[in-house]
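> For reference, each letter of the sequence shown is one residue, going 1060 to 1404 in the numbering used here.
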Amino acid sequence: MRRFFLTLATLSVAAPTVPAQAQQQIEILEWEVPYEESRPRDPHVGPDGKVWFVGQRSHYAAYLDRDTGEFTKYDLGDGVGPHTLIVSEDNKVFYAGNLQNHIGILDPEDGSIERIMMPEEAARDPHTIVFDADGDMWFTVQFGNYVGYLDRESRDVRLVAAPETQGRRPTSRPYGIKMSSKDEPWAVLFNTNKIATVDPQTFEMTTYDLPHEGSRPRRMVIDSEDNVWYVDYALGALGRFDPETETFTEWPMPSGENARPYGVEIDPDDRIWFVETGVQPNMFVGFDPETEEFFSQTPVGSGGGTIRHMHYEASTNSIWFGADTNTVGQAKLPPLKRKVTTQDG
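#1: What are the boundary residues of the beta strand (DSSP E) that V1338 is part of?
#2: What's the C-alpha gap between L1294 and E1168?
#3: Determine the direct distance from the alpha carbon of S1213 to that of T1357, and round the result to whole angstroms.
#4: Taking the beta strand (DSSP E) that Y1289 falls in, what are its first and last residues?
#5: DSSP state of S1374, grouped into three classes?
#6: Is it the case that the Cβ atoms of S1239 and I1281 are separated by a distance below 9 Å?
#7: Candidates E1091, R1397, Q1201 and P1106: which alpha carbon is nearest S1283's?
#8: Rounded to whole angstroms, what is the Cα-Cα separation between G1345 and D1193?
#9: Identify which residue in I1325, Y1205 and R1211 has its Cα closest to the Cα of P1222.
#10: Over what stretch of residues does the beta strand (DSSP E) that includes G1364 continue unbroken?
#11: Roughly how many angstroms separate the alpha carbons of R1098 and K1132, rounded to a whole number?
#12: With DSSP as the reference, please indicate the residues paired to K1109 in a beta bridge.
#13: With distances taken Cα to Cα, identify the nearest neighbour of P1141 among A1155, D1328, D1126 and E1351.
#14: Is R1299 closer than 9 Å to N1317 when the C-beta atoms are compared?
#15: Hey, could you find the ends of the beta strand (DSSP E) R1174 is sitting in?
#16: Using DSSP bridges, identify the partner residues of F1249.
#17: Out of A1246, P1270, E1349 and A1382, which one is the CA nearest neighbour of A1220?
#18: Can you tell me whether T1336 is buried or exposed? The criterion is at least 16 other CB atoms within 10 Å of its CB, across all chains shown.
#19: Secondary structure at E1129, three-state DSSP: helix, strand or coil?
#20: Give me the Cα-Cα distance between V1338 and D1383, rounded to the nearest whole angstrom.
#21: Using beta-carbon positions only, say whether Y1321 and R1275 come within less than 9 Å of one another.
#22: Could you name the residues of the same chain whose beta carbon sits closer than 6 Å to that of T1265, not counting the 5 residues immediately before and after it, in chain order?
#23: Helix, strand or coil: which one does DSSP assign to E1091?
#24: Rounded to whole angstroms, what's the CA-CA distance from R1047 to V1200? Just pull it up for me.
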């Protein structure tokens, strides 16, 4: 397979808010996916090191063997529209059947697929899935307007309705979702200026309004202090919410209001990494909360098109992503200050 191998520094003219003297190079590798225009997205590294991802347009799950560059594909069925996948410790692949209202479980050993259907017809589009500390799952249902919980052993699904909005589309569009250290799910509500959390005991949802009515948070991460970081897709900003004080802090992005930030991840140093998709090529950007500066900005070699969701791999200190340019990529991050003791997640 054709591979792009890049080591690029940021041009200061492309990012005037990023101090040139503070720039750090990152290395980005990309593998061309052999399934044409399939929209490879949302990779997750399994315990055996395989880099799994879904083909949203071509209805498959696949993995990359990074050592050989070879791909292996599993068809999920016509019209499934898989959105996100995550891989359990026993190498089962859980995916969101976004167009057919289910969460699927693929067993790569024999290729079998189990479908867990949503208990409500309105929950038609499971979107993003995360594991909790017990190996159960929380997920968003974007246009169905829910945050959901899946008990892995019983297969029971519980849905929590998100608030409705005014206008043509009443759904608040629950989108990105992550777990805090307290094992509480947090989600962004993309059709509003809100973030939300669900009490895992009572299943009650609490929402918080971002400072600007026009904000549209799309993806999020949670740092070691349980601060919630979000990328504002509409206004081109990086935001932090402190649940203890219920206060917000925001920073305008290097590419300004047209940055269209989408995929975002965090490393063990609490550095925030995100991709500006409103510019071509997409820009892979690093932010250091200690200095409150954007310290790294690297163009994606294939252009990226749109990079939608990312996954941090601790063993290699790198971030994996899928791109609309039909590639799967690995961004190798600058060395960490802290010693990594956590498992990949």
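Where a beta carbon is used, it is the ideal one built from N, C-alpha and C, also for glycine.
Just so we're clear, the structure is a prediction, and the values are computed from it rather than from any experiment.
Taking the coordinates as given:
#1: First-last for V1338: undefined, no H or E at that position.
#2: The straight-line gap from Cα to Cα measures roughly 45 Å.
#3: Between T1357 and S1213, the C-alpha separation is close to 45 Å.
#4: Start and end: V1287 to D1291.
#5: Of the three classes helix, strand and coil, the one that applies to S1374 here is helix, per DSSP.
#6: For the pair S1239 and I1281, the CB atoms are nearer than the 9 Å cut-off.
#7: Comparing Cα positions, the closest option is R1397.
#8: G1345 and D1193 have their alpha carbons spaced roughly 31 Å apart.
#9: If we check each option's Cα against that of P1222, Y1205 comes out closest.
#10: No beta strand (DSSP E) holds G1364; DSSP gives it neither H nor E.
#11: Answer to the nearest angstrom: the Cα atoms are 14 Å apart.
#12: Bridge partners of K1109: none, in fact.
#13: By alpha-carbon distance to P1141, the top candidate from A1155, D1328, D1126 and E1351 is A1155.
#14: No; because the gap between Cβ atoms is not below 9 Å, this pair is not in contact.
#15: DSSP places R1174 in the uninterrupted beta strand (DSSP E) bounded by S1171 to M1176.
#16: DSSP, once it has assigned bridges, lists no residue as partnering F1249.
#17: Ranking A1246, P1270, E1349 and A1382 by Cα distance to A1220 puts A1246 first.
#18: Residue burial is scored here from C-beta neighbours: T1336 has at least 16 other C-beta atoms within 10 angstroms and is therefore classed as buried.
#19: The three-state secondary structure of E1129, taken from DSSP, is strand.
#20: In a straight line, the C-alpha of V1338 is about 14 Å away from that of D1383.
#21: No.
#22: Cβ-Cβ distances below 6 Å link T1265 to T1256 in the same chain, with the five nearest sequence neighbours on each side left out; the list follows chain order.
#23: DSSP places E1091 in strand when its eight states are reduced to three.
#24: Since the first residue shown for the chain is 1060 and the last is 1404, residue 1047 is missing from the structure and cannot be characterised.
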